[in-house]
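Peer 1: A single structure is presented below for examination.
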Amino acid sequence: MKIKLKNRFLKIVFSFLLVILLCPLVAYPVPADVRDISDSKYYEAVHESLEKAEESIYVSLYGIIVGEHDKLSLPYLLVQDLINAHKSGVRVVVRLDKSYDYRGSKRTGKLTDRNDVAYLMLSEAGIDCKLTSGDKRLHDKLIVIDRKFVIEGSMNWSTTALRLNRESVTLIDSEEYAKEKIERIESLEIAGEGSLDRAQVETVAVRNDFLRDKGLAGEMVHSRGEMDFDMYLLFLRDFGATGKAKFQLDYERMGKWFGLDLSKRRDYRNRINRVLKRLKKKYKLIDCEFNINEPAEITLLDYEDKSKEYEAPENKYFKVPLAYWEYGWSQKLDLRSKFCYLINLYRTEFSDIEPWWSLPLDLLAEDFNVNKWTVMRGMRELKKLGLLDVEYDEALNDKGVFSGEREPNKYRIKMFLSQEEIDKRWKELNDIYEEEIVNKARGFGFMIEQGNNLEIVESFIRIIGKYSEEWVEKATKITAKMRTDNPSRNFGYIVGILKRWDRQGYAD
117 MKIKLKNRFL KIVFSFLLVI LLCPLVAYPV PADVRDISDS KYYEAVHESL
167 EKAEESIYVS LYGIIVGEHD KLSLPYLLVQ DLINAHKSGV RVVVRLDKSY
217 DYRGSKRTGK LTDRNDVAYL MLSEAGIDCK LTSGDKRLHD KLIVIDRKFV
267 IEGSMNWSTT ALRLNRESVT LIDSEEYAKE KIERIESLEI AGEGSLDRAQ
317 VETVAVRNDF LRDKGLAGEM VHSRGEMDFD MYLLFLRDFG ATGKAKFQLD
367 YERMGKWFGL DLSKRRDYRN RINRVLKRLK KKYKLIDCEF NINEPAEITL
417 LDYEDKSKEY EAPENKYFKV PLAYWEYGWS QKLDLRSKFC YLINLYRTEF
467 SDIEPWWSLP LDLLAEDFNV NKWTVMRGMR ELKKLGLLDV EYDEALNDKG
517 VFSGEREPNK YRIKMFLSQE EIDKRWKELN DIYEEEIVNK ARGFGFMIEQ
567 GNNLEIVESF IRIIGKYSEE WVEKATKITA KMRTDNPSRN FGYIVGILKR
617 WDRQGYAD
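Using this note's numbering, you'd call the opening residue of the sequence shown number 117 and step up by one each time.
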């Protein structure tokens with residue numbers, strides 16, 4: 117009898133445990149009202165919510181893709197909503213992604229700049245805007261308003277997402293859920309407090325047609341019209357700062373910029389006037405009224421309708437960083453190099469392998485209305501100055517033998533740095549290694565026109581340590597003897613020679 121009771125008791129206990137294990141745990145959700153604001157409903161819902169915010173706004177986003185030229189774009193208007201809320205006394209906290217860019221599955225080593233303009237706009241407005249650590253990607257699309265309303269889904273603040281994509285987003289009214297999300301935002305790891313370089317972030321919009329139209333930039337290069345090229349870009353820079361297409365020309369300021377002798381007033385004014393006349397009559401980019409002993413009256417003209425004043429482009433443009441002018445590069449580079457620099461900016465904007473881009477040389481020359489030698493020489497000069505990385509196709513078959521068919525070069529434009537920053541980076545390299553070995557490595561770099569490329573110079577230092585200075589010098593001299601347009605005349609070819617010598621145990 118006792119055994120039967122015991123068995124019965126065990127069965128009851130077992131059944132009870134089984135019910136507990138098999139039945140799902142009951143979740144007690146926080147009370148919440150939920151509203152769908154997907155797709156086209158998102159902008160109006162968020163805009164209205166930001167305008168009505170009374171106490172706080174927390175934002176955590178993967179991307180706010182905005183340009184200072186896109187003042188009518190939806191992302192720009194939402195950023196302005198945040199700034200207006202801050203000005204009205206609402207606490208605004210913004211966290212943006214600053215992770216590493218990837219090329220396919222490979223980390224490039226370059227931190228993304230997609231949020232730099234938004235960061236600059238928000239932080240300069242006095243908003244608590246921070247960039248997150250580069251080690252992990254922040255992929256949030258999260259907004260919390262007045263510690264009560266949570267907006268969450270798949271929507272970034274980009275024109276493509278807001279206007280073209282199908283994006284699912286929910287607006288949730290829940291104080292408890294809002295509290296959890298705020299705690300998460302406040303726990304995000306913040307990147308170092310290094311400030312962004314304004315000259316790298318702020319840009320000037322240049323119409324694509326300036327490069328693509330047969331009678332404009334390409335013709336200036338063909339005609340060796342460097343002052344024409346430079347003066348028009350200066351006008352666009354000033355337009356970006358003032359928004360005024362009509363202005364009086366300051367002859368003295370322009371003369372100083374071009375390094376003209378200001379003591380000869382008539383001479384330098386006449387030289388400037390000749391440029392203005394070409395911009396007016398030959399290129400039809402400006403209208404100009406000359407006044408004796410008075411400033412000339414300049415009007416920038418629309419590209420399509422010459423009866424209209426120039427306006428900031430909303431599409432079909434590329435961006436030139438202010439660093440091009442502020443750090444003196446517009447005066448250091450020759451005309452071919454400036455032209456090719458703009459080509460790099462333009463092609464990078466539309467590349468599907470960004471930050472790299474690629475196009476056959478013949479097509480480049482055809483697209484931009486110059487001969488291929490102009491492109492080759494301009495690109496070469498940018499590379500020599502350390503402003504351009506170039507990847508060459510080795511064109512090897514499965515057996516490691518040259519196949520005879522090379523893919524087009526890949527190009528990656530680099531930032532314009534101030535001379536102060538350049539000197540600082542070379543000093544840091546000298547502090548890490550002995551100055552003598554840095555100078556030796558830099559000398560090898562100059563033999564293949566890469567002595568201004570800090571990354572290449574540091575790579576030379578490493579292979580000197582791995583193989584020997586004697587071997588590296590010998591391999592570099594072999595490579596340097598190649599024609600300057602030979603794709604094998606690069607650091608990778610030197611490494612290939614050294615590896616072969618290392619395998620066989622001696623240098624040929």
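C-beta atoms are modelled at their ideal positions from N, C-alpha and C, and glycine is treated no differently. Note that the structure is a prediction, hence the values are computed from the model and not measured.
#1: Report the rounded CA-to-CA distance for Ile298 versus Arg263, giving the unit in angstroms.
#2: Which partner residues of Ala321 appear in the DSSP bridge assignment?
#3: Candidates Arg230, Ile199, Val209, Asp624: which alpha carbon is nearest Ile261's?
#4: Does the beta-carbon of Tyr622 have 16 or more other beta-carbons within 10 angstroms, so that it is buried, or is it exposed?
#5: In the DSSP output, what is Ile173 paired with across the bridge?
#6: Beta carbon of Leu71, beta carbon of Lys214: below 7 Å?
#7: In or out: Ile388 buried (at least 16 other Cβ within 10 Å) or exposed?
#8: Exposed or buried, what is Ile548 when buried is set at 16 or more other beta-carbons lying within 10 Å of its beta-carbon?
#9: Which of helix, strand or coil does DSSP assign to Ile288?
#10: Between which two residues does the beta strand (DSSP E) containing Asp244 stretch?
#11: Please name the residue in Pro603, Gly341, Glu550, Val150 whose C-alpha comes closest to that of Val506.
#12: Check whether the stretch 479 to 489 touches the stretch 426 to 439, counting contact only when three or more Cβ pairs, one atom from each stretch, lie closer than 8 Å.
#13: For Leu376, which residues in the same chain have their Cβ closer than 6 Å to its Cβ, ignoring the five residues on either side in sequence?
#14: Indicate the three-state DSSP secondary structure (helix, strand or coil) for Val611 in the structure shown.
#15: Out of Lys295, Pro191, Asp155, which has the shortest C-alpha to C-alpha gap to Gly269?
#16: Should Glu497 go down as buried or exposed, given a rule of 16 or more other Cβ atoms within 10 Å for buried?
#17: Could you check how far apart the C-beta atoms of Lys337 and Arg452 are, in whole angstroms? I think they sit under 8 Å.
#18: Considering just the uninterrupted stretch of the beta strand (DSSP E) at Asp149, what are its terminal residues?
#19: Counting Cβ pairs closer than 8 Å, one from the stretch 416 to 429 and one from the stretch 352 to 363, do we hit at least three?
#20: Considering only the alpha carbon of each residue, which of Tyr457, Glu160, Lys540 lies closest to Leu287?
#21: Indicate the three-state DSSP secondary structure (helix, strand or coil) for Thr415 in the structure shown.
#22: In whole angstroms, give me the CA-to-CA distance for Trp542 and Cys404.
Peer 2: Taking the geometry as given:
#1: As a first step, residue 298 is located in the sequence shown; it is residue number 182 there, counting from the start. As a first step, residue 263 is located in the sequence shown; it is residue number 147 there, counting from the start. If I take the Cα positions, the gap works out to 8 Å.
#2: In the sequence shown, the residue the question calls residue 321 occupies position 205. According to DSSP, which records beta bridges pairwise, Ala321 is partnered with Lys435.
#3: By one-based count along the sequence shown, residue 261 stands at place 145. Minimum Cα distance to Ile261 is reached at Val209.
#4: Taking the first residue of the sequence shown as position 1, residue 622 is located at position 506. Exposed, since its Cβ has fewer than 16 Cβ neighbours within 10 Å.
#5: For the purposes of this step, residue 173 is identified with residue 57 of the sequence shown, where counting begins at 1. DSSP output for Ile173 lists Val208, Ile261 as bridge partner(s).
#6: Since the first and last residues shown for the chain are 117 and 624, residue 71 lies out of range.
#7: As a position in the sequence shown, residue 388 is number 272, starting the count at 1. Buried.
#8: Residue numbering aside, residue 548 sits at position 432 when the sequence shown is read from its first letter. Flag for Ile548 reads exposed.
#9: Taking the first residue of the sequence shown as position 1, residue 288 is located at position 172. In the structure shown, Ile288 sits in a strand (DSSP, three-state: E or B).
#10: By 1-based counting over the sequence shown, the position of residue 244 is 128. Looking at the DSSP string, the run of the beta strand (DSSP E) that includes Asp244 is 244 to 247.
#11: Your numbering for residue 506 matches position 390 in the sequence shown. Ranking Pro603, Gly341, Glu550, Val150 by Cα distance to Val506 puts Pro603 first.
#12: no
#13: If you number the sequence shown from 1, residue 376 lands on position 260. Cβ neighbours of Leu376 beyond the five flanking positions: Tyr384.
#14: In the sequence shown, counting from the first residue as 1, residue 611 sits at position 495. Helix, per DSSP.
#15: Translated into positions along the sequence shown, residue 269 becomes position 153. Of the listed residues, the one whose Cα sits closest to Gly269 is Asp155.
#16: Residue numbering aside, residue 497 sits at position 381 when the sequence shown is read from its first letter. Buried, by the Cβ-count rule.
#17: Numbered from 1 along the sequence shown, position 221 holds the residue referred to as residue 337. Numbered from 1 along the sequence shown, position 336 holds the residue referred to as residue 452. Reading the sequence as shown, one finds Val at residue 337 and not Lys. Contact flag correct, Cβ pair sits at about 7 Å.
#18: Your numbering for residue 149 matches position 33 in the sequence shown. 149 to 152 is the span of the beta strand (DSSP E), which, as asked, contains Asp149.
#19: yes
#20: In the sequence shown, the residue the question calls residue 287 occupies position 171. Cα-wise, what sits closest to Leu287 is Glu160.
#21: If you number the sequence shown from 1, residue 415 lands on position 299. Three-state DSSP puts Thr415 in a strand.
#22: Along the sequence shown, one-based indexing puts residue 542 at 426. Along the sequence shown, one-based indexing puts residue 404 at 288. In a straight line, the C-alpha of Trp542 is about 46 Å away from that of Cys404.
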